[in-house]
Each structure stands twice: as structure tokens, then as C-alpha cells.
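Residue numbers (the numbering used here): 95 to 242. Each residue gets a CB set at the ideal place from its N, CA and C atoms; glycine is no exception. None of these values were measured; they are calculated from a predicted model.
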């Protein structure tokens with residue numbers, strides 16, 4: 095009886111260990127990396143902010159995408175009035191973490207395509223306008239998990 099009780103205790107305590115998922119066997123993390131920025135856009139500033147990031151963030155990501163530096167990018171906005179700490183997400187998808195590493199050749203190719211004057215104008219616009227429109231709430235690097 096004592097042995098049965100000890101076995102029962104062992105079985106109950108070890109059950110979570112038997113239920114653990116194993117990477118590559120039970121699930122896989124993507125090679126792609128998702129750079130997610132969460133933003134709280136101030137009331138009545140959504141359209142102005144979207145107009146601004148179309149000129150800055152979107153246009154620079156279009157060039158990065160054409161150059162093959164990123165896979166894709168997206169903007170997500172909450173339509174709920176009480177969205178919590180953020181109401182807008184900016185997402186950039188990289189093929190792998192290696193694509194996020196500093197790379198002089200990629201930087202020079204981007205600046206050549208984007209233009210130094212344009213880069214300076216975007217920096218100036220961003221520094222002058224965005225602080226009055228939004229607060230950056232968080233920044234995350236994510237990998238997609240696929241359960242098998």
C-alpha cells in the first residue's frame with residue numbers, strides 16, 4: 095500500500111514532465127524573425143500618424159523589401175476603443191536573424207536607393223512630428239511557432 099501511495103505521488107508530480115513538448119519534435123520555431131513595435135497613437139492622431147509613416151516607415155521598408163533586405167512589413171490597428179497599452183503595431187519580417195545584423199554593403203545599397211537627402215528629411219520629420227502623435231509602448235523580436 096505504501097508503495098502504491100509513493101507511486102501515485104510520483105506519477106502526479108512527474109506528469110507535467112511527461113507532458114513537455116520537445117522542440118523540432120512537437121513544434122518548430124520559424125527561421126524568420128518578426129520585429130514588432132507596439133505604439134499608442136494619441137486620440138485623433140491616427141490619420142496624421144498613418145500619413146507620416148507612409149512617407150517614412152512604409153517608403154523605407156518598400157526599398158528594403160525591393161533590395162531583399164526584408165521579406166515583408168505590415169501595419170495593424172486596433173478598432174476597439176479600449177485597446178490597452180497600444181493601438182497600433184508595426185511589423186517587419188526578416189528571413190532570418192542574420193538579416194538583422196549590421197552589414198555595410200546592405201546599408202550602402204539602401205542609402206543609395208533611398209537617397210541621403212531623403213534619409214535626412216525623414217529623420218527631421220520623424221523627430222519633429224512623431225513625439226506629439228504617439229508613444230512607443232514596446233518592441234519585440236518574435237518567431238512563429240508551428241505545432242506538429
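Checking the sheet assignment: what are the DSSP bridge partners for residue 183? 132, 170
How many angstroms separate the CA atom of residue 153 from the CA atom of residue 132? 19 Å
Mark residue 181 as exposed unless 16 or more other C-beta atoms lie within 10 angstroms of its C-beta, in which case mark it buried. buried
Let's see if you can read the secondary structure: which residues bound the alpha helix (DSSP H) around residue 144? 140–147
Tell me whether residue 120 sits in a helix, a strand or coil according to DSSP, three-state version. coil
Leaving out five residues on either side along the sequence, give the residues of the same chain with a beta carbon under 6 Å from the beta carbon of residue 166. 187
Could you compute how far the alpha carbon of residue 218 sits from the alpha carbon of residue 146? 12 Å
Tell me the rounded alpha-carbon separation between residue 193 and residue 157. 15 Å
So, do the stretch 169–179 and the stretch 192–206 have three or more beta carbon pairs nearer to each other than 8 Å? no
Are residue 134 and residue 214 close, meaning C-beta to C-beta below 8 Å? no
Name the DSSP beta bridge partners of residue 239, please? 123
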